[in-house]
Amino acid sequence: MKFMWAALLAVLGCAAPGSDAIDSGGTSPDTSVRARAPSSLPSTAAPPNAGHSPEIYIDSVSPTNPLRVSGRARTFENTVQVRVRDARGDVIAEEFTTSLGEMGHHNPYSAQLWIVRDPGPRVSVEAFEYSAKDGSERSLTRRAIPYDVERTQVRLMLPVGGDCGETRAFTRVVPKSAALARLLVEALVASADSVERAAGAASPFPRGSDVNSVALRDGTLTVDFNERLRNVGGSCAARSIRHSVTRTLQRLPTVKQVVITAAGSEKLALQP
Numbered sequence: 002m003k004f005m006w007a008a009l010l011a012v013l014g015c016a017a018p019g020s021d022a023i024d025s026g027g028t029s030p031d032t033s034v035r036a037r038a039p040s041s042l043p044s045t046a047a048p049p050n051a052g053h054s055p056e057i058y059i060d061s062v063s064p065t066n067p068l069r070v071s072g073r074a075r076t077f078e079n080t081v082q083v084r085v086r087d088a089r090g091d092v093i094a095e096e097f098t099t100s101l102g103e104m105g106h107h108n109p110y111s112a113q114l115w116i117v118r119d120p121g122p123r124v125s126v127e128a129f130e131y132s133a134k135d136g137s138e139r140s141l142t143r144r145a146i147p148y149d150v151e152r153t154q155v156r157l158m159l160p161v162g163g164d165c166g167e168t169r170a171f172t173r174v175v176p177k178s179a180a181l182a183r184l185l186v187e188a189l190v191a192s193a194d195s196v197e198r199a200a201g202a203a204s205p206f207p208r209g210s211d212v213n214s215v216a217l218r219d220g221t222l223t224v225d226f227n228e229r230l231r232n233v234g235g236s237c238a239a240r241s242i243r244h245s246v247t248r249t250l251q252r253l254p255t256v257k258q259v260v261i262t263a264a265g266s267e268k269l270a271l272q273p
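If you use the working numbering, the sequence shown corresponds to residues 2 to 273, in order.
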């Protein structure tokens with residue numbers, strides 16, 4: 002009888018809730034239920050963006066002309082696109098830049114964007130990168146700021162009509178800049194606006210045109226464009242660009258002569 006009671010107690014002890022016993026087969030019982038957090042506690046799974054650090058930051062924007070932007074970026078090959086939208090949301094300037102530093106880190110970048118049209122009372126600055134896989138925009142960050150730079154009127158000599166050398170003066174309101182000659186050239190490269198086009202103005206600069214520098218010395222104003230201006234796709238386009246740039250800049254009181262170069266070469270500039 003004592004043996005039977007001892008055996009019964011042993012069986013009941015093995016079946017007791019919460020037992021940590023290991024069976025004779027050497028396998029552990031399923032402990033997944035005991036490892037699960039109580040329902041009254043928050044889940045340990047992280048939300049989709051928990052701890053996520055933005056790839057691109059905009060640290061400062063100087064409301065000047067050109068508008069100056071600085072920040073930090075961790076992007077593919079350190080590439081950063083910076084653009085500006087006017088108060089209506091239209092893109093009015095965009096520049097490509099690179100951050101400086103070892104890839105994989107938030108490295109500093111800076112950009113300057115020339116505002117060649119009146120943007121209204123506010124602008125929105127955006128920084129992002131284009132996907133190397135499909136060209137889509139990635140890591141977009143945005144900052145809106147008031148833009149109260151004093152406005153001024155400028156006169157641009159834009160090509161019109163079928164004659165390659167014909168230009169006409171168009172008046173445009175733009176944010177004032179200390180570098181007026183550079184602002185005028187940037188406005189020409191950015192092309193005619195909708196009002197100017199409706200009045201017959203054309204935009205002869207090929208896609209990808211950019212301004213490297215504008216420098217005045219002893220009355221000679223040298224405008225250096227990028228390599229895209231070495232071959233502009235025809236003699237008519239070359240003549241229209243030359244006349245538009247020269248006639249616009251020669252209106253400045255300190256300019257006696259205008260020299261156009263492309264990537265530093267006058268000889269190779271504006272080839273048809």
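C-beta: ideal position from N, C-alpha, C; glycine also. Bear in mind the structure is a predicted one, so any value in this text is a computation, not a measurement.
Asked                                                                                                          : Found
Residues sharing a beta bridge with Arg69, DSSP                                                                : Ser63, Gln113
Separation of Arg243 from Tyr110, as counted between CA atoms                                                  : 34 Å
Glu78 (DSSP reduced to helix, strand or coil)                                                                  : helix
Closest by C-alpha distance to Val85, when choosing among Leu68, Arg152, Val186, Ala74                         : Leu68
With 16 other Cβ atoms within 10 Å as the buried cut-off, status of Met158                                     : buried
Alpha-carbon spacing of Val124 relative to Arg143, whole angstroms                                             : 10 Å
Three-way DSSP call (helix, strand, coil) for Ala199 in this model                                             : helix
Identity of the residue in Val259, Glu228, Arg252 nearest Gln272 by Cα                                         : Glu228
Selected residue, minimal CA-CA separation from Pro147, among Ala128, Ala88, Val233                            : Ala88
Alpha-carbon to alpha-carbon, Gly105 and Ala239                                                                : 43 Å
Rounded C-alpha distance that separates Lys177 from Ala133                                                     : 37 Å
Environment of Val186 [buried if 16+ CB atoms lie within 10 Å]                                                 : buried
Residues bridged to Phe97 [DSSP beta-bridge criterion]                                                         : Gln82
Where Leu141 sits in the DSSP three-state scheme                                                               : strand
Contact the stretch 166-181 vs the stretch 217-231: 3+ CB pairs below 8 Å                                      : no
Inter-residue CB distance, Val260 and Leu217 (contact presumed, cutoff 8 Å)                                    : Contact doesn't hold; Cβ gap of about 11 Å is too wide.
Proximity test, Cβ basis, 8 Å: Lys268 and chain B                                                              : Structure shown: chain B not included; a single protein chain is present.
Exposure label - Gln82; buried when at least 16 CB within 10 Å                                                 : buried
Contact belief for Pro205 with Ser245 at Cβ below 8 Å, rounded distance in angstroms                           : 7 Å
Residue range of the unbroken beta strand (DSSP E) whose run includes Thr223                                   : 221-226
Backbone secondary structure at Pro49 - three-state DSSP                                                       : Because Pro49 sits at a pLDDT of 38, beneath the cut-off of 50, its placement in the model cannot be relied upon, and the following sentence gives the value as read from the coordinates. Coil at Pro49, not helix or strand.
Own chain partners of Ser61 with C-beta closer than 6 Å, once the 5 adjacent residues on each side are dropped : Ser71
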